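Read through the structure below, which is laid out as structure tokens, and then see the notes.
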Amino acid sequence: MSFSPFDPASNKPKPEPLPLPNSWRSEAVRIVLSCIVGGIFGHWLGYGFLGIGVVLALYLVVYVRRLSKLQAWVYQPKRYELPEPSGIWGDIFYRLQDNQRRNRKKKKRLTAMLAEFRSSTEALPDGAVVLSERGEIMWFNLAAQTLLGLRSPQDISLRIVNLIRYPEFAEYVASDTYDGEIEAPSPLTRDRTLSLQIIPYGNNQRLLIVRDVSEIKRLETARRDFVSNASHELRTPLTVLRGYLDMLEPEAQGKNPLSEWRAPLMEMKNQTVRMESLVNDMLKLARLEAHAHGQTLQDLLDVPSLLRRVIDEVKAMSQGNHTFEARIQPDLCLLGGETEVLSIFTNLVSNAVRYTAPGGVIRVSWERDGEQARFAVADTGIGIAAKDLPRLTERFYRADVGRSRASGGTGLGLSIVKHALESHQAQLQIDSELGVGSTFSCYFPGERVRVLTEAAPVMQK
Numbered sequence: 001m002s003f004s005p006f007d008p009a010s011n012k013p014k015p016e017p018l019p020l021p022n023s024w025r026s027e028a029v030r031i032v033l034s035c036i037v038g039g040i041f042g043h044w045l046g047y048g049f050l051g052i053g054v055v056l057a058l059y060l061v062v063y064v065r066r067l068s069k070l071q072a073w074v075y076q077p078k079r080y081e082l083p084e085p086s087g088i089w090g091d092i093f094y095r096l097q098d099n100q101r102r103n104r105k106k107k108k109r110l111t112a113m114l115a116e117f118r119s120s121t122e123a124l125p126d127g128a129v130v131l132s133e134r135g136e137i138m139w140f141n142l143a144a145q146t147l148l149g150l151r152s153p154q155d156i157s158l159r160i161v162n163l164i165r166y167p168e169f170a171e172y173v174a175s176d177t178y179d180g181e182i183e184a185p186s187p188l189t190r191d192r193t194l195s196l197q198i199i200p201y202g203n204n205q206r207l208l209i210v211r212d213v214s215e216i217k218r219l220e221t222a223r224r225d226f227v228s229n230a231s232h233e234l235r236t237p238l239t240v241l242r243g244y245l246d247m248l249e250p251e252a253q254g255k256n257p258l259s260e261w262r263a264p265l266m267e268m269k270n271q272t273v274r275m276e277s278l279v280n281d282m283l284k285l286a287r288l289e290a291h292a293h294g295q296t297l298q299d300l301l302d303v304p305s306l307l308r309r310v311i312d313e314v315k316a317m318s319q320g321n322h323t324f325e326a327r328i329q330p331d332l333c334l335l336g337g338e339t340e341v342l343s344i345f346t347n348l349v350s351n352a353v354r355y356t357a358p359g360g361v362i363r364v365s366w367e368r369d370g371e372q373a374r375f376a377v378a379d380t381g382i383g384i385a386a387k388d389l390p391r392l393t394e395r396f397y398r399a400d401v402g403r404s405r406a407s408g409g410t411g412l413g414l415s416i417v418k419h420a421l422e423s424h425q426a427q428l429q430i431d432s433e434l435g436v437g438s439t440f441s442c443y444f445p446g447e448r449v450r451v452l453t454e455a456a457p458v459m460q461k
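Per the UniProt record's numbering, the sequence shown runs over residues 1 to 461.
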């Protein structure tokens with residue numbers, strides 16, 4: 001198993017190679033001198049070349065003997081010891097023994113580091129699973145055993161998708177992009193929710209991080225239930241209060257004691273209407289969050305008809321103070337939820353009116369964009385500062401608090417848009433420049449786009 005959590009020597013400069021020793025020259029001189037002596041002795045006996053041959057044969061025997069000892073040591077280093085000859089063989093054996101000592105020290109150091117790394121990962125509350133390039137389990141810590149029910153060594157070399165049988169996780173593993181993390185039910189019990197994230201590292205290896213987010217999900221559910229229940233409880237007294245104020249409003253118009261209360265009554269009514277809008281938006285947001293997972297939105301929507309209805313309603317709200325331009329592809333429809341899509345359209349178009357001064361232009365478009373469908377609302381309003389753009393979809397966040405409240409905004413519109421788009425696997429893009437205007441673009445995925453008939457886009461004003 002290849003496992004390299006970190007390499008402490010990776011940043012160290014590589015050592016310079018050692019210069020070759022001069023022992024081979026001494027060995028060559030020794031062989032030449034021995035051959036000369038053997039030749040002289042053989043010549044004295046009448047066989048000069050035979051003497052040289054005998055000397056070379058003796059050297060060959062010595063070399064073969066030393067090679068056999070070297071081979072025995074290489075295969076069984078604990079059983080055999082290297083001899084300590086002189087000359088070139090002495091240098092070779094010394095260098096081998098020195099490299100062996102260095103390797104032993106490095107192995108001990110790496111073993112200690114690996115043991116320290118594993119002990120530290122064992123202490124992590126999150127599960128850690130090392131996967132091979134093919135998604136096979138190579139190692140896991142104690143938390144992974146608890147969260148995923150892994151067993152050692154039975155589950156080593158098994159594919160992780162065979163143990164976590166969840167379609168979205170299988171797609172996540174096969175994607176090789178590993179964007180973000182996904183949530184999946186625990187393979188041990190459906191009452192627990194796990195967060196799964198894969199991090200590529202090393203030589204085509206991957207680290208799977210597993211977290212138990214059951215408590216977080218429980219708290220989110222409790223928060224949604226609280227908001228929903230509180231909003232429902234507020235709706236009844238607000239309705240009663242609104243009814244009484246509507247009854248008192250005509251009485252305050254004439255000359256009677258109530259006429260002195262006309263201004264306070266109107267302010268009370270305006271604030272009541274605003275609170276009703278806030279409660280309705282909170283309930284709508286709670287419903288969207290509650291059905292974010294598990295709800296199938298597959299109704300075939302006549303988007304051009306919905307947009308014309310929304311534009312007519314917002315035109316009435318504008319009271320002729322704005323110019324509306326619409327470019328709508330009449331054959332382009334969508335698979336989704338009508339309530340959610342209407343919320344997207346209404347919030348974005350009405351926001352454009354709220355933040356555009358009288359005389360401004362509101363442009364609405366619904367067209368095919370490659371495989372996707374794009375709904376866009378562009379205005380010539382006050383624009384949004386760059387620092388505010390990342391936070392616009394947060395609950396109750398307002399780039400211009402005073403103007404938002406004065407125009408009747410609740411601070412939840414874009415948050416509703418965000419959740420409604422997520423339920424349709426769609427994306428929101430915001431482009432804006434202060435003093436120039438803003439463009440809000442919604443991109444719906446191709447699998448939700450339907451083209452009914454062949455027709456050309458039409459311009460409406």
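C-beta: ideal position from N, C-alpha, C; glycine also. All figures in this text were calculated on a predicted structure; none of them were measured in a lab.
Our contact map puts residue i next to residue j with C-beta atoms below 8 angstroms; I'd like the distance itself, whole angstroms only.
i, j, result
"I362", "V377", "7 angstroms"
"S365", "R327", "4 angstroms"
"Y443", "D369", "7 angstroms"
"E136", "L158", "7 angstroms"
"L238", "E249", "Contact doesn't hold; Cβ gap of about 16 angstroms is too wide."
"L208", "I160", "7 angstroms"
"S228", "L283", "6 angstroms"
In whole angstroms, what is the alpha-carbon distance linking residue i and residue j?
i, j, result
"A128", "L219", "25 angstroms"
"L147", "E171", "21 angstroms"
"R109", "R95", "21 angstroms"
"G149", "D179", "25 angstroms"
"R262", "H232", "30 angstroms"
"F396", "D176", "37 angstroms"
"S195", "A222", "19 angstroms"
"R450", "S343", "20 angstroms"
"E268", "M247", "Looking at the sequence provided, one finds Met at residue 268 rather than Glu. One C-alpha to the other measures close to 13 angstroms."
"Q427", "A373", "11 angstroms"
"W73", "R79", "7 angstroms"
"D225", "L285", "11 angstroms"
"S119", "Y75", "34 angstroms"
"K217", "V353", "37 angstroms"
"G39", "L56", "11 angstroms"
"D388", "D431", "11 angstroms"
"P15", "A112", "Below a pLDDT of 50, predicted positions are generally treated as unreliable, and P15, at 49, falls in that range; no measurement from the model is reported."
"residue 550", "V417", "With the chain covering 1 to 461 only, the question about residue 550 has no answer from this structure."
"N203", "R151", "25 angstroms"
"Q425", "E168", "14 angstroms"
"V273", "L245", "11 angstroms"
"L67", "Q97", "15 angstroms"
"P358", "E313", "17 angstroms"
"G336", "Q253", "47 angstroms"
Residue i: buried (16+ other C-beta within 10 angstroms of its C-beta) or exposed?
i, result
"V173", "buried"
"S415", "buried"
"D155", "buried"
"S438", "buried"
"Q429", "exposed"
"K107", "exposed"
"I164", "buried"
"S423", "buried"
"residue 462", "Absent from the model: residue 462. The displayed extent of the chain is 1 to 461, so no value can be given."
"G294", "Its pLDDT being 45, under 50, G294 is placed unreliably by the model, and nothing is read from it."
"S10", "Residue placement at S10 cannot be trusted, given a pLDDT of 41 that sits under 50; what the coordinates show is reported in the next sentence. Counting Cβ neighbours within 10 Å, S10 comes out exposed, since fewer than 16 surround it."
"Q329", "buried"
"T339", "exposed"
"N162", "exposed"
"L33", "exposed"
So, residue i versus residue j, is the Cβ gap smaller than 8 angstroms?
i, j, result
"T393", "T356", "no"
"L348", "F440", "yes"
"E433", "G383", "yes"
"R192", "I199", "no"
"residue 547", "V279", "This structure does not reach residue 547, given that the chain is present from 1 up to 461, and the question cannot be answered."
"T346", "V310", "yes"
"D281", "L131", "no"
"L288", "L334", "no"
"P125", "A143", "yes"
"Y201", "P185", "no"
"Q197", "E181", "yes"
"G446", "E371", "yes"
Any heavy atom of the ligand GTP inside 7 angstroms of the beta-carbon of residue i?
i, result
"V210", "Absence of the ligand GTP from the depicted structure is noted, as is the absence of any ligand whatsoever, leaving it without description."
Subject >> Start-end ranges of the beta strand (DSSP E) lying completely within the region 181 to 251, minimum 3 residues >> reply: 182 to 185, 193 to 201 and 205 to 212
**OP:** List in chain order: all unbroken beta strand (DSSP E) runs of 3+ residues lying wholly within the region 429 to 456.
**Re:** 437 to 444 and 449 to 451
Subject >> Complete alpha helix (DSSP H) runs within the UniProt domain "PAS" (113 to 168) (minimum length 4 residues, chain order) >> reply: 142 to 148
**OP:** Could I get the ranges of all uninterrupted beta strand (DSSP E) runs contained in the region 324 to 365, with 3 residues as the minimum, in chain order?
**Re:** 332 to 336
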